[in-house]
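Shown next, in structure tokens, is the structure this report addresses.
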Amino acid sequence: MNMATVLSDDHVRWMRLRAQSLDPRFANAAASVAHVVRSLGGVQAQELAAADLAVRARRAGLAAADLEDARIHDRSVVRTWGMRGTLHLVASEDLAWLLPLLGPPLIAASARRRAALGLDEDLCARGIRAIRDMLT
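The sequence shown stops at residue 669 when you use the numbering used here, and every number in between is there.
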């Protein structure tokens, strides 16, 4: 017995809008930038202006400065090299589980490039320590 559900084109479009948090009827007017980013699992941010639009399209009332405030002042979102080896905005609170998940594959994938640049493991470790020292 075939129990397939048939959806109209309009219903499919509505479901896509809702799944992408683009249906204003389901928008959380009080949602912060971090909440929007977190609910999406991250926002592509190779081009920061496009990331700003992606966030603002999902939350009415956000101003252009709100994304910068979230990144620079509140630090509730961070722009990081993450999914698919590209820059993304992610909620800062998600870094604790994202870094151990995404870091090792990115490090392994870049081993050949580091070797071509003459960067051995010891030099990379010293560079990381130096960067941490400068940031503290």
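Here a beta-carbon is modelled for each residue, glycine too, at the ideal position from N, C-alpha and C.
Asked, Found
"Where leucine 620 sits in the DSSP three-state scheme", "strand"
"Whether alanine 624 touches alanine 567 by CB criterion (8 Å)", "yes"
"Nearest-angstrom Cα separation, counted from serine 609 out to arginine 589", "16 Å"
"Contact set for valine 570: own chain, Cβ-Cβ below 6 Å, skip 5 residues either direction", "Val576, Val610, Leu622, Ala624"
"Nearest neighbour of tryptophan 630, chosen from Met616, Arg549, Leu550, Trp547 [CA to CA]", "Met616"
"Proximity below 8 Å, CB of valine 614 to CB of leucine 650", "A small fix is needed here, since residue 614 is tryptophan in this sequence, not valine. Their beta carbons are not under 8 Å apart, which means tryptophan 614 does not touch leucine 650 by this criterion."
"Candidates Ala578, Val545, Asp556, Arg659, of which the one nearest arginine 591 by Cα", "Asp556"
"Beta-carbon proximity of alanine 584 to alanine 593, cut-off 8 Å", "no"
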